[in-house]
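For the sequence shown, the working numbering begins at 396 and goes up steadily by one.
From the three backbone atoms N, C-alpha and C, an ideal C-beta is built for every residue, glycine too.
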Amino acid sequence: MAILKIAKLGHPVLVKKTNEINNLDELNLKKIVFDMSETMLDVDGIGLAAPQVHLSHRMFIFRNPEIEDDDKINISVFINPVIEKLSDETEDDWEGCLSIPGMLGLVRRFKRIKYSAIDLNGNNIAGEVEGLHARVIQHEFDHLNGVLYTSRLAHKSAFGYSEEIEKFWKKNNDENKK
Ligand code: NI
Numbered sequence: 396m397a398i399l400k401i402a403k404l405g406h407p408v409l410v411k412k413t414n415e416i417n418n419l420d421e422l423n424l425k426k427i428v429f430d431m432s433e434t435m436l437d438v439d440g441i442g443l444a445a446p447q448v449h450l451s452h453r454m455f456i457f458r459n460p461e462i463e464d465d466d467k468i469n470i471s472v473f474i475n476p477v478i479e480k481l482s483d484e485t486e487d488d489w490e491g492c493l494s495i496p497g498m499l500g501l502v503r504r505f506k507r508i509k510y511s512a513i514d515l516n517g518n519n520i521a522g523e524v525e526g527l528h529a530r531v532i533q534h535e536f537d538h539l540n541g542v543l544y545t546s547r548l549a550h551k552s553a554f555g556y557s558e559e560i561e562k563f564w565k566k567n568n569d570e571n572k573k
């Protein structure tokens, strides 16, 4: 396994639409997935899309925090995914991205989505998800179309360095809830 170099905001691979994967064996996809997993865990990420490691393929990996506990890491692989909203209901929450390190943005996402994809063994997978799980999938899916979360901000000003966001935005939000 190997830790891969992560493309940062400004690299053209991040704004390019990716290509469908037609032959799982030809690409040595297992090695790509292992390397991407190691890379994601090394920087404590929750998801990583192929363009972020300079590969213009329609695939991403992500962790599902809702089914993980302290000694279990669960990494899903989505190849050629398709997603669809299940309702118009949206939610705003803070997101970061390994390609935009040190920054956070308040991003509007659909609350509930359905997905279909191919897994690493070539099996068709599908499901309906909501909340953080749905958010992570929408974030990674956007990467496959060259879209970064900065173009989906809930407010134009809701973007900045994480330490400032923690200090000024999240604190205010918590106080507002009291
Ligand atoms: Ni990202």
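Name the residue from E490, K412, I532 whose alpha carbon lies nearest to the alpha carbon of A549.
Looking at the Cα atoms, E490 is the closest of the given residues.
Ignoring anything shorter than 3 residues or poking outside the region 414 to 498, list the beta strand (DSSP E) runs there in chain order.
Complete beta strand (DSSP E) runs here, min 3: 442 to 444, 454 to 458, 470 to 480, 485 to 490.
Quick one: grab the DSSP three-state call for V524.
DSSP places V524 in strand when its eight states are reduced to three.
Between the alpha carbons of K480 and E523, how many angstroms are there, rounded?
When rounded, the distance between both Cα atoms is 9 Å.
Nearest by alpha-carbon distance to N410: which of R503, A529, E525, H452 is it?
Correcting the residue identity first, residue 410 is Val in this sequence and not Asn. The shortest C-alpha separation from V410 is found at H452.
Let's see if you can read the secondary structure: which residues bound the beta strand (DSSP E) around I554?
The sequence given here has Phe at residue 554, not Ile. Note, F554: beta strand (DSSP E), 554 to 556.
Determine, for T413, whether the minimum Cβ-Cβ distance to residues of chain C falls below 8 Å.
Annotation note: the requested chain C is absent from the structure, which comprises a single protein chain.
Excluding five sequence neighbours on each side, which residues of the same chain lie with their C-beta closer than 6 Å to the C-beta of V472?
Within the same chain, V472 has close Cβ partners V428, I456, D514, L515.
Tell me the DSSP secondary structure of L409 in three-state form.
Looking at L409 - three-state DSSP - the assignment turns out to be helix.
Nearest-angstrom Cα distance between L450 and H406?
In a straight line, the C-alpha of L450 is about 12 Å away from that of H406.
Quick check: what's the CA-CA separation for D430 versus Q447?
Cα-Cα distance, rounded: 12 Å.
With distances taken between CB atoms, is the gap from A529 to P476 smaller than 8 Å?
The answer is no: Cβ separation not under 8 Å.
Hey, how far is the Cα of M435 from the Cα of S482?
Approximately 31 Å, taken between the alpha carbons.
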